[in-house]
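Heads up, the thing below is written out as structure tokens.
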Amino acid sequence: MGQEFVQLSLTPMLIGILAAVACALPGNFLLLRRQALIGDAISHVVLPGIVVAFLFTGTVSAWPMMIGASLAAIFAVVLIEAIKRVGRVDAGAAMGVVFTAMFADGVLLLELSDTSSVHLDVEHALYGNLESLIWLAADGWGSLADWTALSEMPPQVGRLALVLALVSGFLFAFWKELTISTFDEGFALSLGIRARLIGFLLVVTTAVAAVAAFDAVGSIIVIAMFICPPASARLMTNGLGHQVAWSTLFAGASAILGYVLAGYAPLWLGAENSVSAAGMIATVSGFILGFACVLGPKRKRIGAAREV
Amino acid sequence: MKNVVRNRFEIVSEAGQLTRGEPDTSKALAIEGLTVAYGEKAAVFSLDADFAAGRMSAIVGPNGAGKSTLLKAALAIVPALSGTVRFFGLSIDQARGRVAYVPQRASVDWDFPARVVDVVMMGLYRTLGWFRFAGANERSRAMTCLQRVGMEDFAERQIGQLSGGQQQRVFLARALAQDADLYLLDEPLAGVDAATERTVMEVLKGLKSEGRAVVCVHHDLATVPAYFDDVLLINVRRIAAGPVGVVFTEANLQKAYGGRLAGTVAAPLPVGGH
Amino acid sequence: MENFLSALFLQSGYNSALVAIGAALLGIAAGGAGTFIFLRKRALVSDAAAHATLPGICLAFMTMVALGGDGRSLAGLMAGSAISAAAALVLVDWIVRETRLPEDAAIGAVLSVFFGFGIVLMTVVQNMTAGRQAGLESFLLGSTAGMLFNEAVTIAIAGAAAGAVLFLLYRPMTLVAFDPEFAATTGIPVRATDLATMGLVLVVTVIGLKVVGLVLIVAMLIIPAVAARFWTERVDRVVLIASLMGGVSGYLGAALSAAHPQVPTGAVIVLVAFSLFVVSLLLAPARGVVASVFRHLRFQRRVHLRQGLLALARDEPIFDRLTLKVLRGEGYIRGDGVATLQGRATEANALRDEARWEVAREMHLEGSLSGRFDGLNAIEDVFTPDEIRELDRQLGGRIAVVS
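Protein chains in written order, with the numbering used here: chain G, 1 to 308; chain E, 309 to 582; chain U, 583 to 985.
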């Protein structure tokens, strides 16, 4: 577990953990607000976002792509809301219309644009390439204190750490408002809480987390991180604070186990190459959810559900 | 469509400030010309109503008559097409700290991960600032409110495990925590057991005796004379309003409910006086 | 343009014609099937089913190769995809029934986990056939280039089967989509019908994999249905219009793609469908935006006119700008706010009508809640002259209405 680990496994694992937790945190509230699928919608629209950014800037560097993806996510959310209100369409259908059309748009732009100079790979955008985010400049655990080596670390680590801090900050700052407006929106409004603004900010936070994470694990897998760890946590406890803590634990565990299994399990089974780490992380989070569904202490419904 | 349109009693000065001729601070809640429409159907049409402090007022009317909508529009939870609403002479944004709202129980998902005491502490939201979380001080205040409604033993219980009556008491405790001057309750006695009904009415009467204003959308005509001082009869429009003894007559009820009256009340009502 | 027209008339070559017809059939089936899940407010279940096909495709491939076959037989892959998608739907149902998780969470969880597992299997396949194009990635976005005849036939048969099911079960599915409780009382097995609907969606999804890919088949199931909804309030018409829009999108999209080979078929088909959606959203007379805004403005005008006239009649001052504007526009007041002769006459009428409406509302209490008696319609439009005379007679017994 020495130099090779730090060079090849440390950063992918770290990135995986940071991405998973950054998504799981807002996912807790999305789950309680019946907005779990907004993660699905956002994940699909990052593709047109990065394609447009690429067309504008001509490069595949990170910041333009992240900005493009964020703008696409916000555009999608606004459009979905508009269609819901103006067209009197239910949330799921509105999301379905917008994100599929935007995704098709992204595919079209991608194929039509001249990508001969740079390779923009749709499959990569869909499921990422976590295994490639290695830290060759390191030569052991000591490199963590070595500034030169640290500057050669994959930038996703710093980026995701920042996003995680932002997401945590948002949740901390608006914990009361989020809780009250999720539980009882009418009451929240009567207290003067800007419930709709809070809801919008939650979705923006979700978009930021999705965009940052998709770079590492691709867009589709991000949905798993938004939903599975919080859903598993929901089945473990009746307290909101505990639920958030459990979801963090499950997210981290999915990332670590998923990465390890993807890298080493094929070798243990006699095969030569590893399998997709992102896919395995999603699969592991699914298994955790499965166990929670069958064994979770608070898995059964108790109260009457809200009448739509 | 979004903003409440000020109507005839407002005088708009050049600076765009809204000033009233004489703001009437004696009325806890004053509504004028309120119209709320969903699509092209008016849920509330051109409604005028006053509610005074130190009185228990009921809002009654048939289903679909716009009673809940009236409360929500007054609180600016839903947008109004026209009309003015004043709380103690102030606008809703200025008066929020003095108004407590208890919505219908059915509007909430009771499977939410919260304990009884957590819900009551939500009522203390306005007393906490940024980055302040509810602490021991808030907890003890919440417990006091729970004691007033007889639910202190349930403080740690999960809200989904409560019966309808218990849930209603928790909602009431939350409102008490707000320490407001005006309490707006939407069907607080619907679907609750007799003990809860007694407790709720005791608490509300206590608020009234403290000089606060209590306004309830009430579902049960038979108990209006016993519980309330004033009543507003509405059916999209205002049918009649005033002291129960004067206004709660068979004629007015006929106007509001029509042929459905027979099914709603068991015994003939006293005409005038109670 | 020439290319497009010849593609439109199936003159662009064998493959293009095949794809165009196949896409049209797919569009019709998807539009129809999608309407039912949309009306039941379960549109995104199709997203779960579509993404869940991936592990099935890979497993089918691996099985066929293990049994000595080529692995790329479309029928085999479709069978595999159907099995895993069906398993996903069963799982969603189980999660909703057995745990406290809401349906959207169940859908999202199943969708992403199955897809994630599918990606894992896909990398296994890629490692297996290193050097050989397994081509399973083509199911992500569809690939109609080089479609084989027997593949087209498979699609056509499956499409026809879907169409047949749709035709046979049309009535029960429509009734359940419109009002499941009522349908249950008429003896229709609601649960079985729902299962049949999901089965239909499954078949359409599986067929669509080849043409538009799994990500975009969801678009074909949802977009035409939502677009059709703007045109009518009747369920049977929504199904018809959705099927029509789906078919048109498929056909036009395929033709466009044939005319410009670098354009991916699936994406174009979806974007044609989306254009139809935008047109419907804006311009449909029944529920479109333009029509709604127009109706709302008209309604607002009527409300303010009414309140204005009544205020005039009762000699109350009016400060609301819109009310004043409306009254001036109708010629009922002068610039300084004083009523004109015409205004005086109309306000008296308004007051009289208001009294009549009050009597009418007492006499016809059921009607008063229908919203037509709120005084915003002309009383002559709602009651006959005889009925109005009766109202006046009732009024005569009361205090005269004069301000």
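Cβ coordinates follow ideal geometry from the N, Cα and C atoms, glycine included.
Residue i CB to nearest chain E CB: under 8 Å?
i                      : result
residue 877 of chain U : yes
residue 882 of chain U : yes
residue 885 of chain U : yes
residue 682 of chain U : yes
residue 763 of chain U : no
residue 243 of chain G : yes
residue 129 of chain G : no
residue 105 of chain G : no
I want to see whether chain G comes within less than 8 Å of residue i, judged by CB atoms only; does it?
i                      : result
residue 404 of chain E : yes
residue 595 of chain U : no
residue 362 of chain E : no
residue 436 of chain E : yes
residue 380 of chain E : yes
residue 450 of chain E : no
residue 468 of chain E : yes
Mapping DSSP to helix, strand and coil, what is residue i?
i                      : result
residue 144 of chain G : helix
residue 394 of chain E : strand
residue 409 of chain E : strand
residue 220 of chain G : helix
residue 476 of chain E : helix
residue 522 of chain E : strand
residue 493 of chain E : strand
residue 562 of chain E : helix
residue 88 of chain G  : coil
residue 545 of chain E : strand
residue 241 of chain G : helix
residue 967 of chain U : helix
residue 898 of chain U : coil
residue 845 of chain U : coil
residue 770 of chain U : coil
residue 893 of chain U : helix
residue 300 of chain G : coil
residue 633 of chain U : helix
residue 107 of chain G : helix
residue 93 of chain G  : helix
residue 851 of chain U : helix
residue 175 of chain G : helix
residue 134 of chain G : coil
So with Cβ pairs under 8 Å, would you call residue i a contact of chain U?
i                      : result
residue 563 of chain E : yes
residue 369 of chain E : no
residue 621 of chain E : Missing from the structure shown is residue 621 of chain E; chain E here goes from 309 to 582 and no further.
residue 354 of chain E : yes
residue 377 of chain E : no
residue 419 of chain E : yes
residue 174 of chain G : no
residue 343 of chain E : yes
residue 348 of chain E : yes
residue 329 of chain E : Legend: pLDDT at residue 329 of chain E = 46, less than 50; position of this residue unreliable, value from coordinates given subsequently. With 8 Å as the cut-off, residue 329 of chain E does not count as an interface residue toward chain U.
Which partner residues does residue i have in the DSSP bridge list?
i                      : result
residue 550 of chain E : E:539
residue 423 of chain E : E:466
residue 915 of chain U : U:921
Entirely enclosed alpha helix (DSSP H) segments - the stretch 331-390 of chain E, minimum 4 residues:
375-382
Quick one, which residues of the stretch 385-399 of chain E are near chain G if we go by CB-CB under 8 Å, in chain order?
Going along the stretch 385-399 of chain E in chain order, one finds 385 with a Cβ nearer than 8 Å to chain G.
Using a Cβ-Cβ cutoff of 8 Å, what residues of the stretch 830-846 of chain U are near chain G? List them in chain order.
844, 845, 846
Mind listing, in chain order, the continuous alpha helix (DSSP H) runs of no fewer than 4 residues lying wholly within the stretch 263-298 of chain G?
Correct list: 277-295.
Just to confirm the assignment: which complete alpha helix (DSSP H) runs, minimum length 4, are found wholly within the stretch 636-710 of chain U?
656-680, 685-710
Contact list for the stretch 887-902 of chain U against chain E, Cβ threshold 9 Å:
888, 889, 892, 893, 898, 899, 900, 901, 902
Contact residues within the stretch 474-485 of chain E, judged by C-beta distance below 7 Å to chain G
Answer in chain order: no residues at all.
Unbroken stretches of the beta strand (DSSP E), 3 residues or longer, contained in the stretch 599-623 of chain U:
List check, beta strand (DSSP E) in window: nothing returned.
Quick one: which residues of the stretch 174-189 of chain G get their C-beta closer than 9 Å to a C-beta of chain E? List them in chain order.
175, 176, 177, 179, 180, 182, 183, 184, 185, 186, 187, 188, 189
Selection of the stretch 191-207 of chain G by Cβ proximity to chain E, strictly under 8 Å
191, 192, 193
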